[in-house]
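Visitor: Residue numbers (UniProt numbering): 1 to 129.
Quick reminder that beta carbons are idealized off the backbone N, C-alpha and C, glycines included.
Written out as C-alpha coordinates, the structure reads:
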(Lines of atoms letter the chains of each structure in order from A; the text may use other names.)
(Lines give C-alpha, C1' and ligand atoms only; values in the text may rest on other atoms or scores of the structure.)
Protein backbone atom coordinates (compact mmCIF):
# COMPACT_ATOMS: atom_id res chain seq x y z
CA UNK A 1 0.00 0.00 0.00
CA UNK A 2 1.09 3.56 -0.71
CA UNK A 3 1.27 6.41 1.76
CA UNK A 4 -2.41 7.19 1.22
CA UNK A 5 -3.57 3.63 1.89
CA UNK A 6 -4.13 3.05 -1.83
CA UNK A 7 -2.31 0.30 -3.72
CA UNK A 8 0.89 1.64 -5.34
CA UNK A 9 -0.35 0.96 -8.89
CA UNK A 10 -3.32 3.27 -8.24
CA UNK A 11 -1.49 6.16 -6.62
CA UNK A 12 0.49 8.47 -8.91
CA UNK A 13 2.04 11.91 -8.45
CA UNK A 14 2.56 14.81 -10.82
CA UNK A 15 4.93 16.28 -8.23
CA UNK A 16 7.30 13.31 -8.52
CA UNK A 17 7.23 13.26 -12.33
CA UNK A 18 10.55 13.86 -14.08
CA UNK A 19 9.94 15.43 -17.47
CA UNK A 20 11.45 14.33 -20.80
CA UNK A 21 12.15 16.69 -23.69
CA UNK A 22 10.37 15.62 -26.90
CA UNK A 23 9.20 17.16 -30.16
CA UNK A 24 5.47 16.47 -30.24
CA UNK A 25 3.73 15.71 -33.52
CA UNK A 26 6.22 17.63 -35.64
CA UNK A 27 6.16 20.75 -33.48
CA UNK A 28 8.72 23.47 -34.21
CA UNK A 29 10.37 23.34 -30.76
CA UNK A 30 10.51 20.73 -28.00
CA UNK A 31 8.11 20.36 -25.10
CA UNK A 32 8.50 18.53 -21.79
CA UNK A 33 6.29 15.59 -20.91
CA UNK A 34 5.93 12.68 -18.57
CA UNK A 35 3.53 9.74 -18.74
CA UNK A 36 2.20 9.65 -15.19
CA UNK A 37 -0.28 6.82 -15.77
CA UNK A 38 0.00 4.30 -18.60
CA UNK A 39 -2.61 2.10 -20.23
CA UNK A 40 -5.32 0.62 -18.04
CA UNK A 41 -8.66 -0.99 -18.85
CA UNK A 42 -10.38 2.40 -18.98
CA UNK A 43 -7.75 4.82 -20.31
CA UNK A 44 -4.77 4.99 -22.64
CA UNK A 45 -2.70 7.44 -20.59
CA UNK A 46 -2.48 10.51 -18.38
CA UNK A 47 0.45 12.83 -19.16
CA UNK A 48 1.82 15.93 -17.50
CA UNK A 49 2.95 18.20 -20.33
CA UNK A 50 4.84 21.49 -20.17
CA UNK A 51 4.96 23.66 -23.29
CA UNK A 52 7.69 26.33 -22.92
CA UNK A 53 7.22 29.79 -24.39
CA UNK A 54 7.59 29.58 -28.18
CA UNK A 55 7.04 25.80 -28.28
CA UNK A 56 4.09 23.86 -29.60
CA UNK A 57 2.33 20.54 -29.98
CA UNK A 58 2.09 20.19 -33.75
CA UNK A 59 -1.22 19.80 -35.54
CA UNK A 60 -2.14 16.13 -35.71
CA UNK A 61 -5.18 13.94 -36.32
CA UNK A 62 -6.20 11.13 -33.99
CA UNK A 63 -7.58 7.79 -35.03
CA UNK A 64 -11.29 7.14 -34.63
CA UNK A 65 -10.68 4.88 -31.63
CA UNK A 66 -9.65 7.42 -28.97
CA UNK A 67 -10.55 10.76 -27.44
CA UNK A 68 -7.96 13.12 -25.93
CA UNK A 69 -8.70 15.72 -23.26
CA UNK A 70 -6.44 18.71 -22.50
CA UNK A 71 -6.82 20.30 -19.06
CA UNK A 72 -4.98 23.64 -18.90
CA UNK A 73 -3.38 23.99 -15.46
CA UNK A 74 -1.34 27.16 -16.02
CA UNK A 75 -0.37 29.55 -18.81
CA UNK A 76 -2.16 30.74 -21.92
CA UNK A 77 -2.04 29.20 -25.38
CA UNK A 78 -3.72 29.08 -28.75
CA UNK A 79 -5.27 25.84 -30.00
CA UNK A 80 -6.45 24.78 -33.40
CA UNK A 81 -9.32 22.29 -32.97
CA UNK A 82 -11.05 20.87 -36.04
CA UNK A 83 -10.42 24.02 -38.07
CA UNK A 84 -11.29 26.51 -35.29
CA UNK A 85 -8.72 28.65 -33.48
CA UNK A 86 -9.39 29.13 -29.77
CA UNK A 87 -7.56 30.78 -26.87
CA UNK A 88 -7.10 28.56 -23.81
CA UNK A 89 -6.20 29.53 -20.25
CA UNK A 90 -6.04 27.96 -16.78
CA UNK A 91 -9.15 25.95 -15.95
CA UNK A 92 -10.07 25.29 -19.58
CA UNK A 93 -10.84 21.73 -20.68
CA UNK A 94 -10.65 20.94 -24.40
CA UNK A 95 -12.07 17.64 -25.66
CA UNK A 96 -10.40 16.47 -28.86
CA UNK A 97 -12.93 14.10 -30.40
CA UNK A 98 -12.15 10.76 -32.07
CA UNK A 99 -10.82 11.43 -35.56
CA UNK A 100 -10.32 15.09 -34.67
CA UNK A 101 -7.41 17.33 -35.64
CA UNK A 102 -5.75 19.65 -33.13
CA UNK A 103 -2.55 21.42 -32.10
CA UNK A 104 -1.42 23.87 -29.42
CA UNK A 105 0.95 26.87 -29.53
CA UNK A 106 2.41 28.73 -26.58
CA UNK A 107 2.77 32.26 -27.87
CA UNK A 108 3.01 33.79 -24.39
CA UNK A 109 5.97 34.51 -22.12
CA UNK A 110 5.19 31.81 -19.53
CA UNK A 111 5.18 28.03 -19.84
CA UNK A 112 1.86 26.26 -20.34
CA UNK A 113 1.14 23.24 -18.12
CA UNK A 114 -1.41 20.68 -19.27
CA UNK A 115 -2.79 17.40 -18.07
CA UNK A 116 -3.45 15.30 -21.18
CA UNK A 117 -5.81 12.35 -20.80
CA UNK A 118 -6.49 9.89 -23.61
CA UNK A 119 -9.35 7.41 -23.37
CA UNK A 120 -10.45 4.68 -25.76
CA UNK A 121 -13.65 5.45 -27.63
CA UNK A 122 -16.78 3.70 -26.43
CA UNK A 123 -15.51 3.10 -22.89
CA UNK A 124 -18.20 5.02 -21.07
CA UNK A 125 -18.33 4.19 -17.41
CA UNK A 126 -21.20 2.41 -15.74
CA UNK A 127 -22.48 2.91 -12.25
CA UNK A 128 -22.77 -0.23 -10.18
CA UNK A 129 -25.89 -0.25 -7.97
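What residue range is occupied by the uninterrupted beta strand (DSSP E) comprising residue 47?
Guide: It spans 45-51 - the beta strand (DSSP E) in which residue 47 sits, taken as one unbroken run.
Visitor: Over what stretch of residues does the beta strand (DSSP E) that includes residue 56 continue unbroken?
Guide: Residue 56 -> beta strand (DSSP E) spans 56-61.
Visitor: Smallest Cα separation from residue 103: which of 18, 110 and 87?
Guide: Comparing Cα-Cα distances from residue 103 to each of 18, 110 and 87, the minimum goes to 87.
Visitor: How many whole angstroms separate the CB atoms of residue 57 and residue 50, which I take to be in contact at a CB cut-off of 8 Å?
Guide: The Cβ separation is near 11 Å, so there is no contact.
Visitor: Does DSSP put residue 23 in a helix, in a strand, or in coil?
Guide: Coil at residue 23, not helix or strand.
Visitor: Below 8 Å on the Cβ atoms is my guess for residue 20 versus residue 39; work out the distance and round it to an integer in Å.
Guide: Contact doesn't hold; Cβ gap of about 18 Å is too wide.
Visitor: In three-state terms, what does DSSP make of residue 18?
Guide: Coil, per DSSP.
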